[in-house]
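K.L.:
This is the structure, below, for whatever I ask next.
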Amino acid sequence: MEESAMMLLLTVASSFALINGQKPSVPTDNPVATRYGNGTYAWADNMVNWTNVVNVEDYQQNFEKAQTAVLQMGGSGVVYFPAGTYKFSNNITIASNVVIRGVPTTDDAKNGKNEGNLAPKTVFQCPDKAHLGIFNVDPKGKNMGVVNIDLDGCAVMFWPTLGPNPVSFKSYWYGATKVIGLGTNKLVLGNRVRNVNLGNPSPSIEMFGSNTSTTSSAVWPWSFSTAIAVYSDNNTLVANNLLAKATSTGTMKAFDGKTVPYPYDNRYGIDVNKVLLGGAFGKYVPGASPGVCEDATQFEWSFRRNLVIRDNYVYGNGRVGISYSGGGDGKTKGSGTQVINNHIEHNPNGVFYGFAPDKPPHGSDTNENRGFDQDGIENNVTGNTGHIYRQLVYGTKFETVDGEGILVQCSNGNNQYRNIWNGNDLTGGGSGYIAYYGVNKVEDCDIIGNTVNSDQQIGFLNMHPQDVVKDITCKGNKPKCSMPKDNNN
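Counted the way numbering that gives the first Met the number 0 counts, the sequence shown spans residues 0 to 488.
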């Protein structure tokens, strides 16, 4: 899929009903303040003029016209979609200083470890397996958001600018050599997302890594499909979103010719400044060396500030629930990305069919099957829950490898400083350990009050004698913290 095709203007067909002969009123409140209180995220108070609202129905359901009107009338504001179903044939491309908003709701995405009752009345539908949705016009844009939309087959993709200019999906992961910009002030709040997956990738796309390219044109889930991806230089809130279990019931042909269920949920859930910045095994991040952790001078884009991921429910069947990077003030523990009160729910009976339609999977394959995947420094990961499972490898008796609950590693990551992992409960699944894995340097970090299954571990894994681990507070965990031995502490 070429980049130019990804940015075409959509056409919309919707259902719309008058109420007592009149159009419904439009919302003019700040939805962030309504949910979290005035001043909690002060940057959102003025990211757009919340009272400058244009109803898309007044512009014949033409989003481009409504968006232009918002910008002309007040310089920034909201394009409001009343209750109904809106069908998209291409991407909806959102400009800077615009928020797309559906009918307001106070419903919750999660209820403890269970799915909440969030079901927005404004529904966007995208073509099956096309990985279309809401994309940013200018990757360096600012002040944009999506609020209270039920996204059926539609992704939210606020992507960065990479260089050289990427012209295809493949070059986003394998051809870029630098990051040019990300933009600021991004909001994804109160949406339900389901059935998002790219099922018809070009045969030239490497499904996962350089050894899994395929010449097949068969329908197959692309490994880097993502439900919500947000990249930001500063200020992001991804909150109270329900990434629900797929309701679509498609099928595909496995490598042996048998018909199997199409795995819509084999995709990344929420990605904030992580997957694209890490690249495929760190190939394009300046200074990156596979298996060697770097510091901020090499990974400057992984240390952006004021990123918040909270109160989300993420269902998945492979890949990663929530991926993130970020940084704080350079001195305060936990002042970086806030990952708070999220739940990851994996399919307990998931099957991994392999990375390409013409290549059988193996027992040593990884589909990640990961809860939380972390880069950056000074991150605060508190009060999250998850049921983490690995998958059965199709045609074998083996499960996929990995299956981490919370993970930092050096395959394309950085050394770790001043993180907080506090009160996370990953019990009840089949996997889900919490660990720094082979990280060259971990300093001044808290690992406090976390719980995993008794057969899992909390602390440090695959560390080497030359790795530096010091000033670690590791207490109150069940099971007890596993500290490295013979380290230069």
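For glycine and all other residues, C-beta sits at the position ideal for the given N, C-alpha and C.
1. Determine the DSSP secondary structure at Gly385, reduced to helix, strand or coil.
2. Would Gly73 pass as a contact of Asn90 if the rule is Cβ separation under 7 Å?
3. Output yes if chain B places a C-beta closer than 7 Å to the C-beta of Ala94; else output no.
4. So what does Lys358 bridge to, in DSSP terms?
5. Tell me the rounded alpha-carbon separation between Tyr435 and Phe397.
6. Leaving out five residues before and five after Pro478 in sequence, what residues of the same chain have Cβ atoms less than 8 Å from its Cβ?
7. With DSSP as the reference, identify every bridge partner of Ile420, one or two as the case may be.
8. Which parts of the region 124-155 are runs of the beta strand (DSSP E), unbroken and 3 residues or longer, counting only runs that do not cross its ends?
9. Here's the rule I'm using: 16 or more other beta-carbon atoms within 10 Å means buried, otherwise exposed. How should Gln408 be labelled?
10. Hey, how far is the Cα of Pro103 from the Cα of Pro119?
11. Spatial neighbours of Val145 within its chain, please: C-beta separation below 7 Å, excluding the five flanking residues on both sides.
12. Distance check for Tyr263 and Asn348, CA to CA, integer angstroms please.
13. Tell whether a beta-carbon distance below 7 Å holds between Tyr267 and Thr250.
14. Helix, strand or coil for Leu117, going by three-state DSSP, please let me know.
15. Cα separation between Ala253 and Tyr393?
16. Quick check on Gln71: buried or exposed, where buried means 16 or more other Cβ atoms within 10 Å of its Cβ?
17. Using 7 Å as the threshold, is the C-beta distance between Arg309 and Asn233 below it?
18. Please report how far the alpha carbon of Asn240 lies from the alpha carbon of Pro464, in whole angstroms.
19. Would you report the Cα separation of Asp443 and Asp374, rounded to the nearest angstrom?
20. Do Thr225 and Lys185 come within 7 Å of each other at the CB atom, strictly closer than that value?
21. Need the endpoints of the beta strand (DSSP E) that Arg309 sits in, please.
22. Using only alpha-carbon positions, find the residue among Gly427, Asn413, Pro220 and Ile471 that is nearest to Trp420.
23. Quick check: the region 352-363 against the region 316-325, are at least 3 beta-carbon pairs closer than 8 Å?
24. Quick one, which of Thr105, Thr84 and Thr50 has its alpha-carbon nearest Val78's?
25. Label Ala243 either buried or exposed according to how many other C-beta atoms from any shown protein chain fall within 10 Å of its C-beta, with 16 as the threshold for buried.
26. I need the DSSP call for Val468, collapsed to helix, strand or coil.
27. Just to confirm the assignment, what range does the alpha helix (DSSP H) spanning Met72 have?
28. Determine the direct distance from the alpha carbon of Asn414 to that of Val467, and round the result to whole angstroms.
29. Could you check if Lys273 is buried or exposed, using at least 16 other CB atoms within 10 Å of its CB as the buried criterion?
30. Do Asn199 and Lys109 have their CB atoms nearer than 7 Å?
P.N.:
Taking the structure as given:
1. Of the three classes helix, strand and coil, the one that applies to Gly385 here is strand, per DSSP.
2. Contact: no.
3. Judged by its chain identifiers, the structure shown contains no chain B, having just a single protein chain.
4. Listed as beta-bridge partners of Lys358 by DSSP are Ala355.
5. Going by the C-alpha atoms only, they are around 25 Å apart.
6. Same-chain partners within the cutoff: Val451, Ser453, Gln455, Gln456 and Ile457.
7. In the sequence as presented, Ile is not what sits at residue 420; that position holds Trp. DSSP lists Val380 and Ile446 as the beta-bridge partner residues of Trp420.
8. Whole beta strand (DSSP E) segments, 3+ residues: 131-135, 141-146 and 149-151.
9. The residue is buried, with at least 16 neighbouring Cβ atoms inside 10 Å.
10. Straight-line Cα distance between these residues: approximately 8 Å.
11. Hits under 7 Å: Ile99, Ile133, Val155, Val187 and Asn190.
12. Rounded to whole angstroms, Asn348 to Tyr263 spans 14 Å at the Cα level.
13. Taking 7 Å as the Cβ cut-off, Tyr267 and Thr250 do not qualify as a contacting pair.
14. In the structure shown, Leu117 sits in coil (DSSP, three-state: anything other than H, G, I, E or B).
15. Ala253 and Tyr393 have their C-alpha atoms roughly 9 Å apart.
16. Answer is exposed; the Cβ neighbour count stays below 16.
17. Cβ atoms of Arg309 and Asn233: not closer than 7 Å.
18. Using only the alpha carbons, I get a separation of about 42 Å.
19. Separation of Asp443 and Asp374 (C-alpha to C-alpha, rounded to the nearest whole angstrom) is 16 Å.
20. Cβ atoms of Lys185 and Thr225: not closer than 7 Å.
21. Arg304 to Arg309 is the extent of the beta strand (DSSP E) around Arg309.
22. The shortest C-alpha separation from Trp420 is found at Ile471.
23. As far as the Cβ criterion goes, the region 316-325 does not touch the region 352-363, which means the pair count is below three.
24. Closest by alpha carbon: Thr50.
25. So Ala243 ends up on the buried side.
26. Of the three classes helix, strand and coil, the one that applies to Val468 here is strand, per DSSP.
27. That run of the alpha helix (DSSP H) goes Phe62 to Gly73.
28. Whole-angstrom Cα-Cα distance: 10 Å.
29. Label assigned to Lys273: buried.
30. Going by C-beta atoms, Asn199 is not nearer than 7 Å to Lys109.
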